[in-house]
Amino acid sequence: MNTPSPFFIYDAAAGSGKTYSLVKRYLSTLLQQPKNSYYRQLLALTFTNKAVAEMKERIVNSLITFADKQVIKDPPPMFLDIAETLELEPLVIQQRANDILTQLLHNYAAFSVETIDSFNHRLIRTFSKDLKLPSNFEVMLDIDNLLTEAVDALINKAGTDKAITKILIEFAMEKTDDDRSWDISYDLFSASKMLANEDEAKHLATLKGKSLADFSAFKKSLKAKFDSNSEKVIAKAKTVMAELKNHNLTVDDFSRGSFFKHFSKLASGNFNVNLELQCLLHIRDKNLYTQKRKKESPESIEAIESLMPLFIEAVESTTSQIPTLHFLAAILRKITPLSAINLVQQELEKIKEDQNVLPLFQFNAIINKEIKNQPAPFIYERMGERYRHFFIDEFQDTSVMQWENLHPLIDNTLTQTEDSKEGSLLLVGDVKQSIYRWRGGKPEQFLDMTNGYSPFPSIPPKVENLPVNYRSLKEVVSFNNNFFTYVSSLFKNKTHQDLYLEGNHQKSIKENDGYVSLSFVNSSDTKEKQEEYAEKTLSTVLNLIENGFNYGDICILTRRSADGIFLSEHLMEHQIPVVSSETLLLEQSGFVQVIVGLLKVSVNPKDKETLVLVLDFLYDYLEIKAEKHTFFTAFTKENTALFSETIQQYGIDFSWEKIKESSVYESAEYIIERFGFSDKADAYLFGFMDFIFEYELQAGADTLGFIAHWDKKREKASISSGAGSDGVQFMTIHKSKGLEFPVVIFPFANVNIYKENQATTWIPIPETWQESFEKSLINYSSKIAGYSDAAAAIHTLREETLQLDNFNLLYVTLTRAVEQLYIFSETQKTNKKDNEIKSFPKVFKGFLEAENLWEGEDKEYTFGTFQKKIELKKEDDIAVSCPSYISNPPEQHDIKVITTDAKLWDTTTQKALDIGNLVHDTMEQIHHKNDIAKVFDTIEERNSLSKIELTSLKEIVNKIVNHPVLTSLYENFASSLNERDIITKDHYVLRPDRLVFHKDKTVTIIDYKTGTPNYDHEEQINSYEKAIIEMGFQVKEKILVYTNEEIIVNKVNLAS
-14 MNTPSPFFIY DAAAGSGKTY SLVKRYLSTL LQQPKNSYYR QLLALTFTNK AVAEMKERIV
46 NSLITFADKQ VIKDPPPMFL DIAETLELEP LVIQQRANDI LTQLLHNYAA FSVETIDSFN
106 HRLIRTFSKD LKLPSNFEVM LDIDNLLTEA VDALINKAGT DKAITKILIE FAMEKTDDDR
166 SWDISYDLFS ASKMLANEDE AKHLATLKGK SLADFSAFKK SLKAKFDSNS EKVIAKAKTV
226 MAELKNHNLT VDDFSRGSFF KHFSKLASGN FNVNLELQCL LHIRDKNLYT QKRKKESPES
286 IEAIESLMPL FIEAVESTTS QIPTLHFLAA ILRKITPLSA INLVQQELEK IKEDQNVLPL
346 FQFNAIINKE IKNQPAPFIY ERMGERYRHF FIDEFQDTSV MQWENLHPLI DNTLTQTEDS
406 KEGSLLLVGD VKQSIYRWRG GKPEQFLDMT NGYSPFPSIP PKVENLPVNY RSLKEVVSFN
466 NNFFTYVSSL FKNKTHQDLY LEGNHQKSIK ENDGYVSLSF VNSSDTKEKQ EEYAEKTLST
526 VLNLIENGFN YGDICILTRR SADGIFLSEH LMEHQIPVVS SETLLLEQSG FVQVIVGLLK
586 VSVNPKDKET LVLVLDFLYD YLEIKAEKHT FFTAFTKENT ALFSETIQQY GIDFSWEKIK
646 ESSVYESAEY IIERFGFSDK ADAYLFGFMD FIFEYELQAG ADTLGFIAHW DKKREKASIS
706 SGAGSDGVQF MTIHKSKGLE FPVVIFPFAN VNIYKENQAT TWIPIPETWQ ESFEKSLINY
766 SSKIAGYSDA AAAIHTLREE TLQLDNFNLL YVTLTRAVEQ LYIFSETQKT NKKDNEIKSF
826 PKVFKGFLEA ENLWEGEDKE YTFGTFQKKI ELKKEDDIAV SCPSYISNPP EQHDIKVITT
886 DAKLWDTTTQ KALDIGNLVH DTMEQIHHKN DIAKVFDTIE ERNSLSKIEL TSLKEIVNKI
946 VNHPVLTSLY ENFASSLNER DIITKDHYVL RPDRLVFHKD KTVTIIDYKT GTPNYDHEEQ
1006 INSYEKAIIE MGFQVKEKIL VYTNEEIIVN KVNLAS
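Mapping to our numbering: the sequence shown position 646 is 631, numbers consecutive.
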């Protein structure tokens, strides 16, 4: 067998079969060993749940294919590749695949393909005691809610805490100085989002120990420095101006008046001056006056010449001090916001402790600080796992801290390979597709490794470029190769140049031509320009439809969601169906509006405005014959409490009391059932019910809290379209990463490469200032280059970073298309003084000029030949049936839909891949053996599980009901209750999994568990026994059923 390098890198450009290559490598590692449990020693990490699901599906489906005996006769390409790599006979691979598949499906939880966040969560749970975290801490995914609560808690201290009140007033005053609202909550919330950014949090952590007094002293010291320096500059400028006056010199005596105006501004205390003026830069070698003025007023010129020593000294002294003044002013501007953010940080820590929560964004920092320095064997021992092979996908988006946290574990494994113990690391990624720096991604560390750097001493990486593009047609690939090769010449950083120069030589395996169109809009007026973009987009879509494309084949990508909304509205005005997050918002549904409206009225009966909105929908929905005003008046003229009586006139039996005594989810179910929405239930309604379900997972969930939660989330809460929706898709570029579309349209291709909105940066405080703060936050601009050498280095790095990030964004955009690509850019005026290419329009123009194709802005530049839709071979569509909505009261449900799965409606509820959870949910629905077929028919109809999961689940359920100890307890004559609440005399609510009532009036208690038996499980079932006895029953048996690889049945001793 060929021995692979222990440290391997796939440098995978767009469309190059990255996932295929990763899965092949994973399976090769898995199948090289005869042990069928070897998958336990493999850990694959990626960034999203969707990517995890795709990788798991590919691995398992490949194993299913490999395990089939027919594979020997008709082997797929991957099977042949693996057989050749491992130098194994096909029959050996087939047998190993079969053994591994059986083992894996029976212990699916040990199949370690997961997100980095999920792995970190496991790590923190393992070390929770060492970290002094409560073992039952809750992971908080939604940072916005936490920050809002922290900001509110801080603002509530205004008026009671003098120091905090002072800071908040200063914060508000500085906002008004910037012509912004007095309301500080929004700005404070926005500024505090820095706490959730890994890079920013690292800097903010250095301020945790700083008190308000420290910030105040820092501000006072800097203000003193600013005043001292400014006085010197003003005094020098006033001296110059006084001499000009004494010699009767005016603005007209100087070339363009620049010198005179410059010192006039400084004398008035205005330091916002241009230090790049020629009269300042060349004060020693160029005249301050024109030849014309020399002839007109020789006495003035003589006076200027006599004052030159003063002018030179004044220019040199002030120009050296002004950058320092700008630097000080920049820091002073941010001290108050920084101190406020520090206070929010302190409030956040209190909330975490009080509510027993841990924000997801802090996982990396906790591990980095507390765990990573532990010996790797100790970490493995505590986790109960020992990984020998690591696979990390999308490595270009890995943050520095994430890599630092994983490094010790991987280093330990790779170091042992030198002692003949197997172990490996595979990194997969593409620096050109790194577009998540704002989320902590650090592509430079992957770039270094692809260029030969190894973080593991004596183990160099083996880098393999994937040269073939399997996604796009020939002309699309050719255009991108040529275009991005040209782009490589624009980079300021040589490493970035080489990246794009060497990384754009892809080959296309598809025979069809493909088509690319590049054109420009010419309007200079902003509104006219928008309309021109819209018309170009519309005409392109119509032309594509006329030539056989479906609406769903077309995706329009924009940098800003606002541009997408504008264009989608324009298309909808012309009856073109559109699919976007905005058009699929849950709040678009009338059913959802009614449910939310009735919930709001239930807690605030005086909310007539909401009631009118509800009635407006019901008027049409119920097909009311009466005049609309009469209908409204019947409800609004009386007390809202009489709504129930009035609505009964229209055949609806509705009670406010039922709403008030129920949970939010039950209230929504009640409204759905009473108003008959279930017959017309759609994806919006199902998505909304999942939204409620997710909310109710939080502690203390109630109706008022839900209304507040909905108001925060409603502008983003949406359903996904699903693959079958035939509408033009709208997507931001960031959301499109990893996807492909037959046709891509990229309007508003007008990005300014170096422009940032409200950009900030951290900058070191010069040691000569002798301050207690080592660094500070300032607003970023190109001016910082003059502050200090460190600031100049920050500026250079920032420009190189912005250039890479924006060209990466462009690369991701232009590589999504399979068949056709349309780019709409715009004309821009040429600046004769500055020829640097700083925007996408100039990049496109420069490319066309380099290719000798440029003929002006009015021409459409095309590459390849426009063709009607190409029918590419694709897999058969899978029929998805829509389940009817169960709207009976919960106590009447014969079958309860498994709520841990929401695949059909594609909400954020995670798919329950843990077999233990699936078994538990399924057994809840089974009273007798003859229920099994009915329950699994329902699950199959929902398409909520893959065939693999379904088969495994059936096998485990059948093992339970046919177990010798249990079988009689599931016979058709058995009387049972599943998942019923028991309220004890102490008002505790207990819920045993299954109670079986025997004819002799005794009861058997059954509880399903996963994992290993432990004392807590016995304690729990004992509490059930005590409650049953208090109800007057006698307990016959207590049985714990462990649904692991093998079913374990433990009978627990009865209470004496």
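Positions of the beta carbon are idealized from the N, C-alpha and C atoms, including for glycine.
Since the structure is predicted, the reported quantities are computational estimates derived from the model, not experimental observations.
- Boundaries of the alpha helix (DSSP H) harbouring G672: A668 to E681, taken from the DSSP string.
- The residue among E155, S170 and S721 with its C-alpha nearest the C-alpha of N141 is S170.
- Assignment of P393 by DSSP, reduced to helix, strand and coil, places it in the helix class.
- In the three-state DSSP reduction, W839 falls in the coil class, being neither helix nor strand.
- Of all C-beta pairs linking the segment 832 to 844 to the segment 462 to 479, three or more are shorter than 8 angstroms, placing the two stretches in contact.
- DSSP places M716 in the uninterrupted beta strand (DSSP E) bounded by V713 to T717.
- Scanning its chain for C-beta atoms nearer than 8 angstroms, with the 5 sequence neighbours on each side dropped, one finds around V453 the residues S1, G2, Q491, K492, S493 and I494, in chain order.
- Note on the segment 906 to 987: whole beta strand (DSSP E) runs with a minimum of 3 residues are 960 to 963 and 979 to 982, in chain order.
- If you check the CB distance, L670 and F576 come in under 7 angstroms.
- Between the alpha carbons of S640 and S629 lies a gap of roughly 6 angstroms.
- The beta carbon of A775 sits closer than 6 angstroms to those of P749, all from its chain and outside the five residues before and after it, given in chain order.
- The residue among K280, A288, P294 and Q755 with its C-alpha nearest the C-alpha of R269 is P294.
- By DSSP's assignment, N454 forms a beta bridge with S493.
- Three or more pairs of CB atoms, one per stretch, sit closer than 8 angstroms, so the segment 937 to 945 contacts the segment 900 to 911.
- In the three-state scheme derived from DSSP, where H, G and I count as helix and E and B as strand, M125 is classed as strand.
- Beta-bridge partners assigned by DSSP to I444: none are found.
- Under the three-state reduction of DSSP, S22 is assigned to coil, being neither helix nor strand.
- Here A350 carries a helix assignment [DSSP, helix/strand/coil].
- The three-state reading of DSSP puts L571 in helix, counting H, G and I together.
- For L262, the secondary structure class from DSSP, reduced to helix, strand or coil, is coil.
- The beta carbon of F505 is closer than 6 angstroms to those of S810, E811, T812 and E842 in its chain, skipping five residues each way along the sequence.
- A distance below 7 angstroms separates the beta carbons of D592 and V586.
- Within the model, the alpha-carbon separation for N182 versus K427 is close to 13 angstroms.
- Non-local C-beta neighbours of T14 in its own chain, meaning closer than 7 angstroms and more than five positions away in sequence, comprise L27, H374 and S409, ordered along the chain.
- Inclusion of N793 and I738 in the CB contact set at 7 angstroms is not warranted, their separation being larger than that value.
- Going by DSSP, S810 is part of the beta strand (DSSP E) stretching over A802 to E811.
- In the structure shown, the three-state DSSP call for A1040 is coil.
- With a threshold of 16 other beta carbon atoms within 10 Å, A702 meets it and is buried.
- Relative to F691, the option among T745, V713, A29 and L583 whose CA is nearest is L583.
- Under the 10 Å beta carbon count, A693 is surrounded by fewer than 16 other beta carbons and is classified as exposed.
- When secondary structure is reduced to three states using DSSP, F662 falls in the helix class.
- The beta-bridge partner set that DSSP reports for L410 consists of F(-8) and F375.
- Nearest in C-alpha terms to Y807, of all of Y846, I420 and L180, is Y846.
- Cβ-Cβ separation between I1032 and H948: approximately 6 angstroms, consistent with a contact (criterion under 8 angstroms).
- Between S652 and the set D667, D664 and E681, the nearest pair of CA atoms involves E681.
- Note on the segment 303 to 358: whole alpha helix (DSSP H) runs with a minimum of 4 residues are 348 to 351, in chain order.
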